[in-house]
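Numbering (the working numbering), first residue to last: 112 to 291.
A virtual CB, placed ideally from N, CA and C, is assigned to each residue, including glycine.
This is the structure we're talking about:
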């Protein structure tokens, strides 16, 4: 594999994907840009989903603390709250575990399955981009950079906060951390 600027008669990913015209190469370049933008979109969706899960956890834990316990706990109402004072910042859930709106939590199996699917999609798209970059075609690599710029500009534009949890991905690992 050598650095090249070939446009016609170049093959990508398989022998059947051979570029025969300048128009086909232009379409390939637009496709590569779109693929990288898609990767940034998937990263944003995964981050948004994790933030959604944390927000949902905080709301449920906050509602549980205000109510003084789970709604199906008959002892909470009879005992006047007992160890679960109404309005406490830390309450017990139905399993007897303490719940705090600011504590970390573990997603359930369904939520983790969605997180794993989003991670897998990111990984697969990033792998295809890496395979395209390994052709060392200057135009394709420039298109990857353009797609990364456009994707970050469109999907990375978010509110930044002073607290680390406002900008963090809440445990979302970047499958392409080594590559940008």
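Locate the alpha helix (DSSP H) running through residue i, then write down its first and last residues.
| i | result |
| --- | --- |
| residue 119 | Where residue 119 is concerned, there is no enclosing alpha helix (DSSP H), given that its DSSP letter is neither H nor E. |
| residue 241 | 220-244 |
| residue 216 | Neither: residue 216 is in no alpha helix (DSSP H) and is coded neither H nor E. |
| residue 267 | Premise fails: residue 267 is in no alpha helix (DSSP H) and is neither H nor E. |
With residue i and residue j assumed to form a contact (beta carbons below 8 angstroms), what rounded beta-carbon distance in angstroms separates them?
| i | j | result |
| --- | --- | --- |
| residue 116 | residue 122 | Their Cβ separation, rounded to whole angstroms, is 15 angstroms, which puts residue 116 and residue 122 out of contact at 8 angstroms. |
| residue 148 | residue 262 | 4 angstroms |
| residue 252 | residue 244 | 6 angstroms |
| residue 160 | residue 271 | The Cβ separation is near 19 angstroms, so there is no contact. |
Who are the near neighbours of residue i in its chain, counting only those whose CB is closer than 7 angstroms to its CB and skipping five residues on each side?
| i | result |
| --- | --- |
| residue 141 | none |
| residue 150 | 233, 236, 237, 240 and 262 |
| residue 222 | 164 |
| residue 124 | 242 |
| residue 114 | 247 and 249 |
On a CA-only basis, which of the options is nearest residue i? Give me that one, please.
| i | options | result |
| --- | --- | --- |
| residue 254 | 173, 143 and 135 | 143 |
| residue 157 | 132, 225 and 269 | 225 |
| residue 169 | 219, 264 and 214 | 214 |
| residue 216 | 167, 231, 177 and 259 | 167 |
| residue 260 | 145, 172, 134 and 171 | 145 |
| residue 269 | 133, 162 and 126 | 162 |
Residues in its own chain within less than 6 angstroms of residue i by CB, not counting five upstream and five downstream?
| i | result |
| --- | --- |
| residue 155 | 266 |
| residue 152 | 266 |
| residue 273 | none |
Quick one: what's got a C-beta closer than 8 angstroms to residue i's C-beta in the same chain, skipping five residues either side?
| i | result |
| --- | --- |
| residue 130 | 118, 119, 120, 121, 122, 123, 136 and 139 |
| residue 133 | 118 and 119 |
| residue 218 | 164 and 226 |
Any heavy atom of the ligand ATP closer than 8 angstroms to the Cβ of residue i?
| i | result |
| --- | --- |
| residue 233 | No copy of the ligand ATP appears in this structure; indeed no ligand is present at all. |
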